[in-house]
Structure formats: C-alpha cells, structure tokens
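Heads up: the sequence lines are chains A and B, in that order.
The opening residue of the first sequence carries number 169 in this note's numbering; numbering runs sequentially from there.
The opening residue of the second sequence carries number 169 in this note's numbering; numbering runs sequentially from there.
Number of protein chains: 2
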Amino acid sequence: MFWEVSALGAGGVSIAVALYLYRWVMSQTNESKEMAEFSSAIQSGAAAYLRRLFQALGILALVVAAAILITLDWRTALSYLAGSTCSGAAAYAGMYVATRANAKVAWAARSGLKKAFPVGFYAGAVMGLSVVGLALVGMTVLYVVFRDPEVVLGFSFGASSLALLAKAGGGIYTKTADIGADLVGKVEFNLAEDDPRNPAVIADNVGDNVGDIAGMGADIFDSYVASVVAVMLLGAALYGEKYVVFPLLLGAAGILSSLIGMLFVRTGEGNDPGRALNTGTMATTIVFAAMTVGAAHAVGMDRPWGLIVPTIAGLLAGIVIGFTSDYFTDIDNKSVQDTANSARTGTAILILQGFSYGLVSIVPSILGISAAMVVAWVTAQHFGIAGTYGVSMAAVGMLSITGMIISADAYGPIVDNAKGCAEAASESEETIRVCDRLDAAGNTAKAITKGFAIGAAALTVLALFAAYAETVGIDVIDLRNPGVVVGVFLGAMMPPFFSALTILSVGRNAFKMVEEIRRQFNEVPGVIEGKVKPDSDRCVDIATRGALRELVLPGMLAFLTPVGVGLVLGKNALGGFLAGSIVTGIIFALFMANSGGLWDNAKKFIEDGAHGGPGSEAHKAAVVGDTVGDPFKDTAGPSLNTLITVMCLAASLFGPLIAKVSLFGF
Amino acid sequence: MFWEVSALGAGGVSIAVALYLYRWVMSQTNESKEMAEFSSAIQSGAAAYLRRLFQALGILALVVAAAILITLDWRTALSYLAGSTCSGAAAYAGMYVATRANAKVAWAARSGLKKAFPVGFYAGAVMGLSVVGLALVGMTVLYVVFRDPEVVLGFSFGASSLALLAKAGGGIYTKTADIGADLVGKVEFNLAEDDPRNPAVIADNVGDNVGDIAGMGADIFDSYVASVVAVMLLGAALYGEKYVVFPLLLGAAGILSSLIGMLFVRTGEGNDPGRALNTGTMATTIVFAAMTVGAAHAVGMDRPWGLIVPTIAGLLAGIVIGFTSDYFTDIDNKSVQDTANSARTGTAILILQGFSYGLVSIVPSILGISAAMVVAWVTAQHFGIAGTYGVSMAAVGMLSITGMIISADAYGPIVDNAKGCAEAASESEETIRVCDRLDAAGNTAKAITKGFAIGAAALTVLALFAAYAETVGIDVIDLRNPGVVVGVFLGAMMPPFFSALTILSVGRNAFKMVEEIRRQFNEVPGVIEGKVKPDSDRCVDIATRGALRELVLPGMLAFLTPVGVGLVLGKNALGGFLAGSIVTGIIFALFMANSGGLWDNAKKFIEDGAHGGPGSEAHKAAVVGDTVGDPFKDTAGPSLNTLITVMCLAASLFGPLIAKVSLFGF
C-alpha cells in the first residue's frame, strides 16, 4: 500500500503545484487594452470550440460507456468515463491558462526576457503538471478501489477516445483557419500574418491553442496512461502484484524528477531561453534515472536491473529520438536547403523534394525505435525478466518525464500567441524582438516533443500489442496464417485512409472559410480598409462546426473497425490488424510530420532572404509547399499516434469478448 | 514428360507467332520522310539507352552470378543468367518493334482506323508473345534439365533483377525527360507538347518506350515467372512431381488462350478500338477458364477442383481489380472532378486532394486482394489442397493471361508515339483524329494493366512469402517475437525509402535537363526560332547517364538489405521483413499510381474546358499537380512491385544459407 500512497502523494503534489502556478500566472498583470482585447477574443473562441467539442464528446462518451456497460461491466464503464473526464479536465486547464497567459507574457516582455520567460514557462507547466497529476491519481485511485488492471484499461480507453477526437478535431480546426486565412489574406489581399482586418485571424490563433495545447496535452496524457496500463496488464499476466504497481511508483518518481528539473529552468537577460528548457529536460532525465535505480532496489524488486536497464534505455531513446527528430526539418541542414533550392524550378519539384525527404526521414527514427525495442527486450531477458515486460517498461521510462516535456511544449503556443498580442497592440520593436526570441525557443521545444511523442507512442503501442495478446490468450500471431495476413493488410490500410479523410476534411472546410473571408472583404464595406471590425465569430463558427462534423466518419472508423475485424475474422486476425496499423501508423506519422516541418522551414529559409526572398517566384512556390504541409504536420500526422493507441486499447478491452463470438476463426 | 513437352510446344508456338507478326509489322510501309526521321531519332535514342543499360546490367548479372556460384551452386548461377537474358531479350524485342511500328501506324492512319489498328496491336503482340514464350520455354527447359525448382528460382531471380533495374531506370529516364521538356518548353517558352524545336522531345518519346514498353514488359515477365516458381516450390515441398509441373501446363493453356483471344481483336472503321481490346481480354479469360477445367481433369490431378477454383478466383480477381483500378482516375468520376474543382483555390488544395484521393483509392484494391486471398485459401482447403498452394495457384491464374494483357498494354505507347509522328509530319486533321482515337483506347488498356500488375504482384509475393517459409523451414512467423516485429518495421520502411530515392533522382536529373534545354534555347542561335535543329543527343545522354547512375544506391538496397537482415537478425526476422515490405509496397504502389493518374486526368479535364480551360489559373495549378504526379505514377509507384518481388526471391534463394549462419537467432 506504501507504493499506491506514494503515487497518490506525488500526483497530489503535482496538482497542488499546478494550482499554485496557475494562481501565480493569473496574478501577473497586463495593462494594454489592445492586448487584452486580442487575448479575450482568443479566449472566447477557444472556449466556444471546447464547449461544443465537450458536448459532442460527452454524448459519445455516454454511448460508449453504455456499450461497455452492456458488453463488459459497470466498473470498466465508470473507469472509461473517469478517463475521459480527467483527460478533458487536463486539456481544459491547460487551454484555460494558456489563452490567458499570452497577453501577460507580452506585457512582461516590455520589461525584458528575464521577466517574460517565467510567465510563459509556468503557464505551460500548469498544463504539464495537470496532465501527469490527474493521470497518476486517476489510475491509482481506480486500481486501489478495484484492484484490477482490466478496469484501469477502461480509464486508458476513455483518455484515448477523448484524445483522438480532440487531436483530430483540433487539427482540422486549426488548419481550416490557417489555410483559409493565408489563401485569402496573404495571397489574394497581400495582408501580413495576424493582420486584424482578416476575419479569420482570431480563428487561426484559437486554432494554435486547440491544436497544439489541448490536442497535444490529451495525446500525451493518453500515451502516458496507456504505457502504464500495458505494464500493469503484463505484470498481472506474467508476475504478481508488485509488477503491477511498480509503474505507478515510477510515475511518482517521474513527477518528482520533473518538479526538480523545473527548478533548473531559469534564464538571464542575455541567455537563450531554449537552453534553459533543454537544461530542465536534461536535469529531469538524470534525476529520474537515479530515482529509478533507487526505487527498484528500495522496494525490493526481485530482479531490479531487469527493470532498471529497459526503463533507462527507453528514457534515453526518447531523448535521442526527440533531439534528432528535428534534424531533417532544421533550417540549417541539407534537406531543408535542397528543398528551398528546388523552389527555383517552381512548385512541382519543391513538393516532390519535401515529400521525398519526409519519406527518407523515417529511416533514422524507425532504426531508433527498433533499437530501443531490441535493447529493452534483450536486457530484460538477460536479467531474467520477460522481454515483453521489458519493452513496456521502456515505454514507461520514455513517458515518465512527460511532466517536463509537456511543460516545455505548451510554452510554445503561449509565447507564439504572445507575439500575436504584441503585434496586435503595435508594441515597440524591442518588445517584439523579445517575443521573437521566446518564440524561437518554443519552436525547438515543439520539434523535440513531436519526435518524442511519436517514439513514445510507438513503444507504447508495441507494449499494448503484447498486452492484447496476453489478454485474449494468444500464444502466437502467425504471419503464415491467411487471416493474420489479411488482418495486417486491413490494419495497414487504416492510417493512410484516416489521414486522407482528415485532409479531405480540411480541404472542404478551408473552401468554406475562403468563401466567407472573400465575402466579408468584398461585400461588407469598410472591412478591407480597416474601418469596420471583421466578423470573426462567423469564421470561428465555420471552423468549429466543420471540425466536429468531419470527425464523425474517421471517429467511427477508429472505434468500429478493430471490433469489426475481431468479430468477423477472429482474434488472430485482429492481432495482425493491430500490427499492420502500428507499422503504417508510425511511418505515416513520421513522414507527414517531417515533410510538413521541412516545407515550413524551406519557406522560412527563403523569407530570410535566400533565392530572391519574400515575393519572389521561389517564395510563392514555397508558400504552396507550406500550405500542403500544414494539414500533414498539424492534422493528419499527429492524429495517427492516437489512432493506433485507440485501436489497440479497443482490441484489448473487447478482445476477450471477441475471442468467444467471432464469426470465422482464422 | 507429356506436360513439359506441351509447355515447350506452346512456348515455341508463342515465339513463332511473335516472329511471324514481327515480319508482318516490318513489312508495313511508311512513305513519309518526316515520320521516318522522327521515328528513327526515337529508335537510336532508345537503342543507345538500352545498350548502356544492358552493359551495366551485364556486369551486375555477372557479379551476382559469381556470388551465387560461390555461395550456392553453378546450376543456380547459370539459371540466374538465363533469367536475366530471357527477360532482357523479351524487353529488347518489344522495344525494337515498337520503336519501328510507330511511323507505320501513323502512315496507315492516313487510310483510316481499320488499317492502322492492326499494325499497332500486332506490334504490341510481338512483345506480349515474346514475354510469355521466352518465360515458359526458359522455365521448362531448366526444369527438364535439372529437375529442381530451386534452380528455376534462380531463373526468376535473374528476371526480377533485370526487371527492377529496367523499370526503375526506365522510370527515372522517362520522367527526367518529361519534366525537363515540360518545365522549360511548355511553362517557360509556351511550346506545345512534342514541338520539334524542344531539344528534349526525342528523349521524352524515347522515355515512353523505355518506361512503358521495356519496363512494363520486364515487370510482368518477372511476376509471371515468380508466380509459377512459387507454385513449383510449394508443390515440391508439400506434394510431388505433378504439383510441380502443373503450373507449366497452365502456362501452356494461357498461351493458347491468348492466341485464341487475339483472334477476337478486330475493329471496323466506326467502332471503338478499346472495345476490340476488351473483347480480346474477355475471350482469353473465358477460354483459359475452360481450358483449366479441362486440363486439371485430363491429366488426372487428384483433387482437380482444389486447383481449378483458386485459379479461376485469381483470374477473376485480376480482371476485376484491373477494370476497377481506373475508377478513381477516371475523368468522369467524383475524385478527378473534385480535384479539378479544387484547382480554383490554387495549387495547394489540388495537391492535397489528389494525395488524399490516392490514399482513399487503396481501400477497394486492398479489399479485393484480401478477398482473392481468402477465397483462394478457403476454397483450396475445402477441396483438400493446402491453403498456401491455393493462393499461389490464384497468382498463376491471374497471370496466365499475361500474353493478351501485355499485347494490349504495349499497344498504348506505340499508338501514342504514332500520334507524335503524325504531328511531327504535320499530317491532316483526319489522320490525327484517327491517331487520337487509337491513343484513347491505349490509355484505357494502360490503366487496366496497371491495376492488374499490382494485383498480380500482390498475390505473387504472398505466394513467394509462403515459398520462402517452406524453403527455409519456418513453421511459424510469430508477430510476438521481437525480431519479427523489428523485421516488419525494417521491411515496411523499404518501399517508402526506395520511392523517395527514385523521386529525388528524378528531381536531380530533371534539374540538369532544365539547365541544358535553357542553354540551347538561350545560347544557341536559331534553335528557338526553329531554324537550327536542337541537339537532342545531349538530352538523351543526360537522361541515360542520370538514370544509370541513380540506380546504384536503390539497386544495392534492394539486393543487400534482405540478405543483411537475414544474416544479422535471422530467418524469422527476415520473414517479418518480407511481410512488412509487401504491405507497404502494395500500399505505396497503389497510392502513387492512382494519385498520379488522378492529377493527370484533372489536368485533362481542365484542358477540355472546365474551370477556365487552358491558360487559366486553375490550369496552371493542375499542371503542377500533373508534374508532381509524374514520378509517382511512372517512376516510384511501378518500381515497387518489382522491388518486393526481388526481395522475396533473394530471401528464398539465400534463405537456406541464412538459416545456418545468422548472427542473432530471433
């Protein structure tokens, strides 16, 4: 019981610190009316979207909970609702403080970097600490009450369901607004980014928050919980009690490490805020590694090194994949510069280059994930622990420092919006320069988190895959079985199909947005001259409605396909289905994130003056590339992590049922 | 021995008819000097490319044969060389007659469709009949001499090696020339397609021949042989002699059916030549189905219906996948028209739409392939035949009508070039209209063949995968084994990586081509005015050298990676590797072929007058889409079939060796 109390204690501390930081951030002032207005428009847009999203998700959650209640039991149904609620609460808290902190950061930037940076970082930390705190407390309470990892699986499924829809919906929202604003504002009317005359600017800024804060927070909440649950399930199947609760203890260690790591995040006036964030991540990593060694010995695990080494291997793999993930999208590297250079021959070759380098970029990450898996497996076995358990410990190790990682990540959109506030209020050049420096650090943190999130999701789903096999009692998933092969084909088809559906959604919605913006500029007198305020609410409304409506089909696919495959083709085919979806899910997630990032930076490279600079033909080509990349990197790509997690969880949850009633038994 | 004699006899008849048709086509006249000149430039360009390609491939073949000689035995090495030679000879024969028939078709078109159509079709039939004749004779002779399917496997590997490099090299060649010619000629200097002032026009027309005739011929030769070999290997492992030679007998039946089917390919002056081609395909299918039923009973197979039903299931699946494959790329359907419509908002959304519909288009084909596999497996088992043997019979069934399919396919580029000849010679509008009608039929045949080729390759590699497992003696390829999972990841990475390398090659080469064309227009006086003949040879040379140089890296990857994975991670991991590569190989092949075709037709739809027609902003966007799609559909996509076949064959050939010496035994 000591372990559970530790986990509850650490989770409680995390939530308490989050509340303290929340009050501190809210106590910071902003005395600019323009900034307050800009910020308040974002707040109300974001709140409107979240309200509608949560209404829709609430109904969905009740329907799914009812389905679970009928087919499984009330405890899992309750746990499912708790998971959705905790994940939603963490996302809401992060978004609430983020949309209020932006103007405060911008105001503090008038007094310099040293004053502004903590406002941004601690606002991000509210999100980071809420996520890990709520996740750990939720899982621990459910386990203490029910003593059954299968029930905690319901919590994870609830968190994942919410994450999938929050992420895909947020992705559709943000790119509808972004592409709409750019196509009409920038291209047709030559307005700058964030020009207040553009009616879609508020929707665009809201989009940054709903996509990158609420979406990313829900996504990592989901992976974090899923990795712990996978270990709990495997621990229960293979060993006993101790191996079930051990990941909760590591969760506690991860929270304490993150809190200690945050103490290292400080920066002076002349320093690089990016370095401060990296120092915090490094400190967290080292403290966590030490704590893992200590904890495994202190609580008297039988084969401590069989747990420690895979955990630390996963932790290091996460860091390495994170830091190397931005190699291909780094503005100083060959791939970006080659792509920018090809813009001189026009748009087509630029698209082809970015597409190809995105595909090439999957190679190092796949090698990294494979290496992490093999190392975790082999070292665990070497010390006498089952390989599958080792792989799932690697996932837990990777995700244990989530508190710090999300804090640094959420900082990004906050300072990005702060820059928008400063520009909307026509602040001094010096203030805007400070905001720019804050923003640059945020972009690096964002790139690292993206790689980290995919790496973590990959190991987590591999652990879930093992947990699925244990849950339904399959010893072998044989690729020589035609049912398994068909399962692999069907599973592999899902991520590209899902990506296509979400991108088509963005295209359809952006089309409507373009027509609305054109209508306001052309038909409402005074808008384009800046005399009449544009009707931002209509644009917010188009993005909101569109995102929710477009979620229906891909959402249903994600939930119903694995269950359908299981019911028709049986549990072995479903195992193949999961494996197929994991493989193409990771490949498409990596390729889309990196191609998108690469086109974005190729455009920035040209905007910095290369190949004729802004306004040149090369720049026009690069703008097209960036627009193509937008839904790749911010809609389709990031949703795939969550898609494969949801499908694995649905399979594990309904697996035992499926095993009994399937139509064909391949 | 009666069976082998039948196979040899049918193969001999096929070659004899090909020779007869060759002489008939060559006896057709062309009295236009301009056409003869245009045709002769294509002939010498194509010959120059093939000569250099075969020189390079000859060296490669000797190196690989030496490696086989050292690690395996002299019989397999000899068989490997025979396979390369037969495949190369068929490709060369097809190309030789095609590059000479174009002007003859154009001349005959002056006398009308009824006269011109047979010249084009019989020229294509030379290729179709050479492919099946040489393949069947080659395999049968080797089997009669050595009585060992493992030796025939060497023949298949030789054919595949040649096909991979012919296809990828041809793909790089043709798109280097095409994109170069378009970017400078059409976009910068406003010249028409095939304008003789453009120095890259000859290279572009040569490209059509090397890509679509030599490349496609080698590709289907390769699948045809591989499907038969897979059955032979499985037959030897599971049953006896009869089951080894049965596919050779079906090959003989396929040739006779194709010859009979060709008798139905006739058209009158007012008829649609596309219908004539489809009638021929249908007749071939029906005759072959009847012959299969007869043959299985006549030769006294024990469980005839266990062979007949899977064979016919495969045959029908091939036809269905072929005919439906052009649904997504059909100019009259929603996906093309939606994409064309999105061109009104600019290039970016058009790219996103075509990309997304390409991804959606994989769904029906994957379902079709899965259904064919399950039906073949289940029906075979129902009649008492092993499921794996059933799946491989389905592949043989699909490919047995290859003779007819390739004949119709090779017809396409011939009449396309004929149109080029007619335009170069400024023929009458009536003649050009006849050429247009011939060409339209060719495009449909091409679309059908593309789907057919991917479906056939999918079933073939699934059969090869089963053959691999039998060859190295694996009972189970377990997805719960971490080595297998890592293998799947590495294998799945290969097709996207290979695609990226070939597309980057096209980008690099096209860049050089653009500079050369610009140089000639800007620096050589008289070229742009049409007074001085452009230096086509330099453009041909850039395309040729570039294609060969760029083949080195992807070629090495294809051969060395499976062997490397096997040697390091063991035979189970190599099984996973093959499965992973098959899945993403088919997905990327389908997506790239269909996205490319869709952009192409969206452009044609706009050129036919929609959304402002030629010269509008929408048209410019559609031209970019078409250029992006070019290397998708003609370089990367079509090479993937062959890539996965080569890797499966390499694994089967070196598998027994790998099983003994691998470093880790996962």
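Ideal placement from N, C-alpha and C gives every residue a C-beta, glycine not left out.
Fair warning: this is a prediction, and the values are worked out from it, not measured in the lab.
Residue i (DSSP reduced to helix, strand or coil)
i, result
"aspartate 646(B)", "strand"
"aspartate 346(A)", "helix"
"glutamine 196(A)", "coil"
"asparagine 377(A)", "helix"
"glycine 696(A)", "In the sequence as displayed, the identity of residue 696(A) is isoleucine instead of glycine. Isoleucine 696(A) falls in the coil class under three-state DSSP."
"arginine 686(B)", "helix"
"lysine 701(A)", "coil"
"proline 824(A)", "helix"
"aspartate 584(B)", "helix"
"arginine 713(B)", "helix"
Beta-carbon proximity check, residue i vs residue j, cutoff 8 Å
i, j, result
"isoleucine 569(B)", "glycine 419(B)", "no"
"isoleucine 826(A)", "glycine 753(A)", "no"
"threonine 308(A)", "leucine 176(A)", "yes"
"glycine 288(B)", "alanine 269(B)", "yes"
"alanine 371(B)", "alanine 345(B)", "yes"
"glycine 280(B)", "glutamate 437(B)", "yes"
"glycine 338(A)", "alanine 382(A)", "yes"
"aspartate 802(B)", "glycine 619(B)", "no"
"isoleucine 642(B)", "glycine 743(B)", "yes"
"asparagine 740(A)", "glycine 651(A)", "yes"
"valine 265(B)", "phenylalanine 389(B)", "no"
Amino acids of chain B, ordered along the chain, whose beta-carbon sits closer than 7 Å to that of residue i
i, result
"serine 524(A)", "Ala668, Ile671, Leu672"
"methionine 203(A)", "The contacting residues do not exist; methionine 203(A) stays about 32 Å from chain B at best."
Chain-ordered neighbours of residue i on chain B, where CB pairs are closer than 8 Å
i, result
"proline 367(A)", "Within 8 Å Cβ-Cβ: nothing; proline 367(A) doesn't reach chain B, min ~17 Å."
"proline 664(A)", "Leu527, Ile530, Ile755, Phe759"
Within chain A, the residues that residue i reaches when beta carbons sit closer than 8 Å
i, result
"valine 751(B)", "Val656, Phe657, Ala660, Gly748, Val751, Thr752"
"glycine 619(B)", "Within chain A, no residue comes near glycine 619(B); the closest Cβ sits about 16 Å away, beyond 8 Å."
Distance cut-off 7 Å: residue i Cβ against heavy atoms of the ligand FMN
i, result
"asparagine 446(A)", "The ligand content of the structure shown is nil, which means the ligand FMN is not present either."
7 Å Cβ cut-off: residues of chain E touching residue i
i, result
"aspartate 646(B)", "Note that chain E does not occur in the displayed structure, where the protein chains are A and B."
Straight-line Cα distance separating residue j from residue i
i, j, result
"alanine 404(B)", "arginine 315(B)", "11 Å"
"isoleucine 530(B)", "valine 546(B)", "24 Å"
"tyrosine 579(B)", "alanine 293(B)", "8 Å"
"alanine 548(B)", "glycine 565(B)", "13 Å"
"serine 704(B)", "proline 693(B)", "15 Å"
"tyrosine 525(B)", "alanine 668(A)", "7 Å"
"methionine 203(B)", "arginine 434(B)", "26 Å"
"valine 542(A)", "alanine 678(A)", "44 Å"
"leucine 221(B)", "valine 412(B)", "34 Å"
"glycine 522(A)", "proline 663(A)", "20 Å"
"leucine 758(B)", "alanine 554(B)", "29 Å"
"lysine 343(A)", "serine 212(A)", "19 Å"
"alanine 398(B)", "glutamate 595(B)", "50 Å"
"asparagine 809(A)", "methionine 400(A)", "21 Å"
"threonine 556(A)", "leucine 821(A)", "19 Å"
Partner residues on chain A for residue i, Cβ-Cβ distance less than 7 Å
i, result
"methionine 815(B)", "Those do not exist, as methionine 815(B) stays about 15 Å from chain A at its closest Cβ, beyond 7 Å."
"serine 538(B)", "Val654, Phe657, Leu658"
"methionine 561(B)", "Going along chain A, no residue has its Cβ under 7 Å from methionine 561(B), so there is no contact; the nearest lies around 14 Å."
"tryptophan 767(B)", "Here the premise fails: no neighbours, minimum Cβ distance about 10 Å."
Chain A contact residues for residue i, given Cβ-Cβ distances below 9 Å
i, result
"leucine 351(B)", "Thr513, Gly514, Ala516, Ile517"
| field | Three CB pairs or more closer than 8 Å across the region 712-723 of chain B and the region 709-721 of chain A | value | They do not touch, by the three-pair rule.
| the region 248-256 of chain B in contact with the region 316-323 of chain B per 3-pair CB rule at 8 Å | As far as the Cβ criterion goes, the region 248-256 of chain B touches the region 316-323 of chain B, which means the pair count is three or higher.
| message | Counting beta carbon pairs with one atom in the region 785-793 of chain A and one in the region 769-777 of chain A, are three or more of them shorter than 8 Å? | response | Touching, per the Cβ criterion.
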